[in-house]
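Contents: one structure, followed by commentary.
Number of protein chains: 2
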Amino acid sequence: MTTQILQSIKSIVSLNQNEEEAFVNILEVKQFKKKEFLLLEGQICDKIIFINSGCARIFYNVDGVENTFQFFFAERWYTDFSSFLTGQPTIENMQALEPCEVIQFKKKDLYQLYDTYPVFDRVGRILAENAFLSVSKLNQMLTNEEPEQRYLNLMSQRPEVVQRIPQHYIASYLGIKPESLSRIRKRILLAKER
Amino acid sequence: MTTQILQSIKSIVSLNQNEEEAFVNILEVKQFKKKEFLLLEGQICDKIIFINSGCARIFYNVDGVENTFQFFFAERWYTDFSSFLTGQPTIENMQALEPCEVIQFKKKDLYQLYDTYPVFDRVGRILAENAFLSVSKLNQMLTNEEPEQRYLNLMSQRPEVVQRIPQHYIASYLGIKPESLSRIRKRILLAKER
DNA sequence: TAAATTTCATAACCTAAGTCAACGTTTTTA
DNA sequence: TAAAAACGTTGACTTAGGTTATGAAATTTA
Chain A
1 MTTQILQSIK SIVSLNQNEE EAFVNILEVK QFKKKEFLLL EGQICDKIIF
51 INSGCARIFY NVDGVENTFQ FFFAERWYTD FSSFLTGQPT IENMQALEPC
101 EVIQFKKKDL YQLYDTYPVF DRVGRILAEN AFLSVSKLNQ MLTNEEPEQR
151 YLNLMSQRPE VVQRIPQHYI ASYLGIKPES LSRIRKRILL AKER
Chain B
1001 MTTQILQSIK SIVSLNQNEE EAFVNILEVK QFKKKEFLLL EGQICDKIIF
1051 INSGCARIFY NVDGVENTFQ FFFAERWYTD FSSFLTGQPT IENMQALEPC
1101 EVIQFKKKDL YQLYDTYPVF DRVGRILAEN AFLSVSKLNQ MLTNEEPEQR
1151 YLNLMSQRPE VVQRIPQHYI ASYLGIKPES LSRIRKRILL AKER
């Protein structure tokens, strides 16, 4: 159950037996059905989530319109770091798109680990840095790429998104309507045939 | 010269005299003329910049097209945290839009401070956290807002941008062409008249 | 301060995305 | 497994932004 998350941690730092046990002790395994919410806007995000299996999307809700901005698959870490840091309610929603098994742990337990085993400071810092790099990259794409180009890049760089995620969520991720994505796909198909 | 940056630091942590002197010792004051580059793509961003006066923009260069994604004024911190962390060359450009006086310090000097005075760990962490919050907010805007709405928000939330920054840079920040911003401004004006 | 450059606005036309509606297919659920 | 819901495509039409070109005003620079 905890094999994957331990492997992920150990790719960052090496843990001795005490440290590993202490870490495993704060872990909680949870199952979510399709469409269930792993995180709901308004909640305070006081946990860090690691996805064992399944996939989920993160979206903002603006006047009833859901703007998807990221997809997460197995082996990926997630927290709304803004809410996690500030203690303010989150405006992000995380929803299972397939049945999900996740491993999560609480902020307060992590902070206790920080105090007992300094090695976890480094884990926390690196997770935070990765979160930063991930959002920065997303912003780069949003700033520099048109929807059609983003879709082409998605196909080549993250094929599992195009294969596993329903198109209307991908459209939302690209900042366009499902009808427009449908047209883009048609354009791409026609271009290929020539 | 160093009054503003010290004040900014002291709003985060309190420093004793030794710590303050050690910090002031790593500071370097620099002047930039209008249009000069404080950071150029391809460089490794191994410094943190604090703006004393003037203003600057950050942009990506994509096939000769400059995509502006942030403006900085006095009292603001800047580093390309991605390049700073990874040691990879930056793809960000920082260009003075007005004559600028900045205070900067090097990564290696900061890391020495970390080792000597633990209080600076907290400074570094909080600057990093703020950097994250800032990119998250940008992501929110890019994901949730249309150019016209973003311009209206810019006018009310950051009037100094609209007042001091040439329109074609603002257009780029909004992800549109100067001609389109001109039309948006006209639309807003007409709407006001009614 | 005169010339050069930059900035901004506007017009005409083009293009991609939005909107609305219809319809067939796939998936979910009772 | 039958009915309901969700999903994806297409068409007709609208709209916002892109492109190209022109010119005036403001700012910079020599």
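From first to last, the protein sequence lines are chains A and B. For what it's worth, this note's numbering labels the leading residue of the first sequence as 1, then goes sequentially. For what it's worth, this note's numbering labels the leading residue of the second sequence as 1001, then goes sequentially. Positions of the beta carbon are idealized from the N, C-alpha and C atoms, including for glycine. From a predicted model like this one, the values you see are computed outputs, not experimental measurements.
Counting the other CB atoms within 10 Å of its CB gives Val1065 (chain B) a total below 16, which places it among the exposed residues. Listed by position along chain A, the residues whose Cβ is nearer than 9 Å to that of Asn1025 (chain B) form an empty set, because the closest Cβ is around 26 Å away. DSSP lists B:Gln1031 and B:Ser1053 as the beta-bridge partner residues of Glu1101 (chain B). Secondary structure at Ala1096 (chain B): strand, using DSSP grouped into helix, strand and coil. Under the three-state reduction of DSSP, Ile126 (chain A) is assigned to helix. The distance from the Cβ of Leu1027 (chain B) to that of Ile1103 (chain B) is about 5 Å, consistent with a contact at the 8 Å cut-off.
Two segments are said to touch when three or more pairs of C-beta atoms, one from each, lie closer than 8 Å; by this definition the stretch 1124-1134 of chain B touches the stretch 1077-1094 of chain B. Comparing C-alpha distances from Lys177 (chain A) to each of A:Pro147, A:Asn153 and A:Leu152 shows the shortest one belongs to A:Pro147. Gly1087 (chain B) and Leu1110 (chain B) do not touch by the CB rule: their CB atoms are close to 14 Å apart, not below 8 Å.
In this structure, the beta-carbon distance from Phe1050 (chain B) to Gln1004 (chain B) falls below 9 Å. Chain A has no Cβ within less than 9 Å of the Cβ of Ser1180 (chain B).
A Cβ-Cβ separation of about 6 Å places Asn1061 (chain B) in contact with Asn1093 (chain B) under the 8 Å criterion. Closest in alpha carbon position to Met1 (chain A), among A:Asn18, A:Glu19 and A:Lys30, is A:Lys30.
Residue contact with chain A for Gly1064 (chain B): absent (no Cβ-Cβ distance below 9 Å to any residue of chain A).
Under the 10 Å beta carbon count, Ile1188 (chain B) is surrounded by fewer than 16 other beta carbons and is classified as exposed. In its chain, beyond the 5 residues on either side, Leu1039, Thr1079, Asp1080, Ser1083, Phe1084 and Thr1090 have a beta carbon closer than 7 Å to the beta carbon of Cys1045 (chain B). Counting other Cβ atoms within 10 Å of its Cβ, Thr1068 (chain B) reaches 16 or more and is therefore classed as buried. Ranked by Cα distance from Glu21 (chain A), the options A:Val162, A:His168, A:Glu160 and A:Phe120 are led by A:Phe120. Any Cβ of chain B closer than 9 Å to the Cβ of Glu129 (chain A) would place that residue at the interface, and such an atom is present. In this model, Arg122 (chain A) and Phe59 (chain A) are separated by some 29 Å (Cα to Cα).
Taking a Cβ-Cβ threshold of 9 Å, none of the residues of chain B is close to Val29 (chain A); the smallest such distance is about 28 Å. Less than 9 Å divides the Cβ of Phe1023 (chain B) from the Cβ of Leu1113 (chain B). Per DSSP, the beta bridge partners of Val1062 (chain B) are B:Val1065.
For Tyr60 (chain A), at least one C-beta of chain B is nearer than 9 Å to its own C-beta.
Under the Cβ criterion of 9 Å, Val1135 (chain B) is counted among the residues facing chain A.
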